[in-house]
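Worksheet for the structure shown next.
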Amino acid sequence: MALQLRPNCEYCDKDLPPEAPDARICSYECTFCAVCVDDRLHDVCPNCGGGFVPRPIRPVQEWRPGLSTAKRPPSTTRIRLSYTLEEIAAHSARIRGIPPERR
Ligand SMILES: [Zn+2]
Ligand SMILES: [Zn+2]
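If you're matching positions, the sequence shown starts at 1273 in the numbering used here and goes up one per residue.
Shown next, in the form of structure tokens:
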């Protein structure tokens, strides 16, 4: 199954189209922009506590049959935070000192 390619940052609601170089994802595909990951979340996913990596960019062009943003379109379901900003700040403060590979 392919990555969902969610359309927005859960925290600030910035648009993150498939070609966005600043999209970040956790292992569950929770999706945020780079500014929120660096400055607000401190590399702690508010949902699962994991770290983030840059989201791979899906090619627009169909280089191989069936594989392109046209044939495998991105998700259109915008996702918003499931926790308050205060809860997220506390969650991040508790976990951010532990490297992702040891969480
Ligand atoms: Zn953001
Ligand atoms: Zn997550």
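Backbone N, C-alpha and C define an ideal beta-carbon position, used for all residues, glycine too.
Q. What did DSSP end up calling LEU1353 once you bin it into helix, strand or coil?
A. In the three-state scheme derived from DSSP, where H, G and I count as helix and E and B as strand, LEU1353 is classed as coil.
Q.
Whole angstroms are fine: how far does the CA of ARG1352 sit from the CA of TYR1283?
A. About 7 Å.
Q) Comparing the CB of VAL1307 with every heavy atom of ligand 1, is any distance shorter than 8 Å? A) Checking the Cβ of VAL1307 against ligand 1 gives yes.
Q. By Cβ distance, which residues of its chain are closer than 6 Å to TYR1341, with the 5 residues on each side in sequence left out?
A. Checking the sequence, you will find Thr at residue 1341 rather than Tyr. Same-chain partners within the cutoff: PRO1290, ARG1330, VAL1332.
Q) In terms of residues, what are the limits of the beta strand (DSSP E) holding PHE1304? A) From DSSP, the beta strand (DSSP E) with PHE1304 extends over 1303–1305.
**Q.** ASP1285 Cβ short of 8 Å to ligand 1 heavy atom set
**A.** Set against 8 Å, the gap from the CB of ASP1285 to the closest heavy atom of ligand 1 is smaller.
Q. If you draw a straight line from the alpha carbon of ARG1296 to that of LYS1343, how long is it in whole angstroms?
A. Their Cα atoms are separated by approximately 23 Å.
Q: Grab me the residues of GLY1321's own chain with a C-beta within less than 8 Å of its C-beta, minus the 5 sequence neighbours each way, in chain order.
A: Only residues of its own chain outside the window of five on either side were considered, and among them HIS1363, ILE1367, ARG1375 have a CB closer than 8 Å to the CB of GLY1321, listed in chain order.
Q: Could you tell me the boundaries of the beta strand (DSSP E) in which ARG1368 lies?
A: Run containing ARG1368: none; DSSP gives neither H nor E here.
Q: Taking all protein chains shown into account, decide if GLY1323 is buried (16 or more other Cβ within 10 angstroms of its Cβ) or exposed.
A: Flag for GLY1323 reads buried.
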